[in-house]
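I have placed the structure first, in the form of structure tokens, so that the comments after it can refer back to it.
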Amino acid sequence: MQPTSVALLCLGPLERPQILAKPSYVVVPGTNVSLHCWIMQSPGWDLTFILLKEGMTGYHSKRKAEREAEFSLPSVGNNSAGSYSCAYFENRNPKRKSQASKTLDLVVTGFFPKPSFSVYHYHEVALGRNVTLLCSLPQPRPFFEIIVFILLKTRSPEPIQSIQTEKPEVEFPLQSLRVQDAGYYTCIYYEKTLRRGSYISESLNICLTGERGYWAQSRIQKREIRSYKKRFGREAL
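Letter by letter, the sequence shown follows residues 379 to 615 of my numbering.
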């Protein structure tokens, strides 16, 4: 009797996908948002990507692609805010499914009064120094427990910092300031459960002293003002 050879196919774990929101995960109502789900290495065959939303049974939508899929959320509003993730499965046997990506909170602003926003030091600081920005809830305080504060800056597609807390105010430290740190900053807060955000705070203009700091700040400032008004509306500054 001849021995029978058996070939074993060893399948490693599927790459975990990543998710990104464009133009940002913090947007005003009416913005067209696209959620991108992708993997770094293409397996060489088509995949089916699915978009998941917290609190929704099943998947939000699906797309066939080889390495990256785009999910469109046109004119976002209250129902669009939420926590999203994505996954994919192989279009072949065995039909394996990947682990879900990390969650992404899509925050839609304009649902609560704007926070107070201030700076501990003068608006003019030297290159390399530290400054602290303070973002505070309005009074009376909104009735939800877990709050996320977000620091925004012009010409930055993603928030600079975010802090989850139960306190009515947070500090955003800006350390060892560089030339590119000069410009307009604002903050918002949002409720963690439904991802509904406040109106944008008043803006603070951080200027850097010294010849190099002033020259860079004046050159950057005009571009930032145009970008900020386009993103959050003329009333944002």
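Cβ coordinates follow ideal geometry from the N, Cα and C atoms, glycine included.
Under 6 Å Cβ to Cβ from residue i, same chain only, skipping five residues before and after it: list those, please.
i    : result
H414 : L398, E448
I428 : Y437, K440, A465
I541 : F527, V548
E446 : W416
I524 : K570
F522 : E569
Y592 : Annotation note: pLDDT 49 at Y592 (below 50); position unreliable, no value reported.
Output the boundary residues of the beta strand (DSSP E) element that contains residue i.
i    : result
V636 : The question about residue 636 has no answer, for the chain in this structure spans 379 to 615.
N508 : From DSSP, N508 is part of no beta strand (DSSP E); its letter is neither H nor E.
N583 : 582-587
V503 : 502-504
K431 : 425-431
P391 : Run containing P391: none; DSSP gives neither H nor E here.
T571 : Here T571 belongs to no beta strand (DSSP E), and DSSP marks it neither H nor E.
K545 : Element bounds for K545: n/a, residue is neither H nor E.
F495 : 494-497
R441 : 439-443
Y462 : 460-468
K475 : Segment: none, K475 is in no beta strand (DSSP E) and carries neither H nor E.
S450 : 446-451
I525 : 525-531
R411 : The question names Arg, yet the displayed sequence has Val at residue 411. From DSSP, the beta strand (DSSP E) with V411 extends over 411-416.
Measure the Cβ-Cβ separation of residue i and residue j and say whether it is below 9 Å.
i    : j    : result
T481 : V405 : no
I538 : F550 : yes
R507 : L572 : no
G460 : L484 : yes
L515 : S496 : no
L552 : T510 : yes
Y403 : K431 : no
N469 : W423 : yes
Using a Cβ-Cβ cutoff of less than 8 Å, which residues in the same chain neighbour residue i once the five nearest sequence positions on both sides are dropped?
i    : result
E393 : I417, M418, Q419, S476
S412 : A399, K400, E448, F449, S450, L451
V503 : V509, L555, I584, C585, L586, T587
If you drop the 5 nearest sequence neighbours on each side, which residues of the same chain put their C-beta closer than 7 Å to that of residue i?
i    : result
P407 : V454, G455, V486, G488
P395 : C415, W416, I417, C464, A465, Y466, S476, S479
P535 : P401, S402
For the segment 576-590 against the segment 478-497, are there 3 or more C-beta pairs whose distance is under 8 Å? yes
Three or more C-beta pairs below 8 Å linking the segment 534-550 and the segment 414-429:
no
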